[in-house]
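Peer 1: Pasting in a structure now, in structure tokens, and then I'll have a few things to ask.
Residue numbers (the working numbering): 48 to 137.
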């Protein structure tokens with residue numbers, strides 16, 4: 048059964064390859080969705096897939112790539128839309 052999570056990550060998360068690394072993690076875990084920078088300095092991720100893979104992805108988001116300094120992770124559970132692939136948006 049597929050689930051969907053909207054994840055907002057705050058801290059020093061822009062300009063540290065957060066979105067690109069999130070794409071690598073999502074693809075490795077078989078997740079679909081997107082990552083984009085927000086005007087407030089956060090990164091917004093929307094991901095769909097199996098619950099166990101989503102849990103692993105969320106755990107990674109709480110740390111991020113090596114140069115990131117994650118201060119907060121806010122998660123909202125949403126209804127899946129049947130996304131395919133994972134994109135990095137501007």
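Ideal Cβ positions, reconstructed from N, Cα and C, are used throughout, including at glycine.
Looking only at C-alpha atoms, which of 56, 70, 78, 96 sits nearest to residue 117?
Peer 2: The shortest C-alpha separation from residue 117 is found at 56.
Peer 1: Cβ of residue 90 within 8 Å of Cβ of residue 84?
Peer 2: yes
Peer 1: CA-CA distance, residue 104 and residue 135?
Peer 2: 16 Å
Peer 1: Under 8 Å between the Cβ atoms of residue 115 and residue 60?
Peer 2: yes
Peer 1: Taking only the alpha-carbon atoms, compute the straight-line gap between residue 112 and residue 72 and give it to the nearest angstrom.
Peer 2: 10 Å
Peer 1: Using the beta-carbon count (16 or more within 10 Å), is residue 137 buried or exposed?
Peer 2: It counts as exposed.
Peer 1: Quick check on the burial criterion: 16 or more other C-beta atoms within 10 angstroms. Buried or exposed for residue 54?
Peer 2: With a 10 Å radius around the Cβ and a threshold of 16 neighbouring Cβ atoms, residue 54 comes out buried.
Peer 1: I'd like the list of long-range same chain contacts for residue 131, defined as Cβ closer than 7 Å, with 5 residues on each side in sequence excluded.
Peer 2: 79
Peer 1: Assuming contact is defined by CB atoms lying nearer than 8 Å, are residue 96 and residue 77 in contact in what I supplied?
Peer 2: yes
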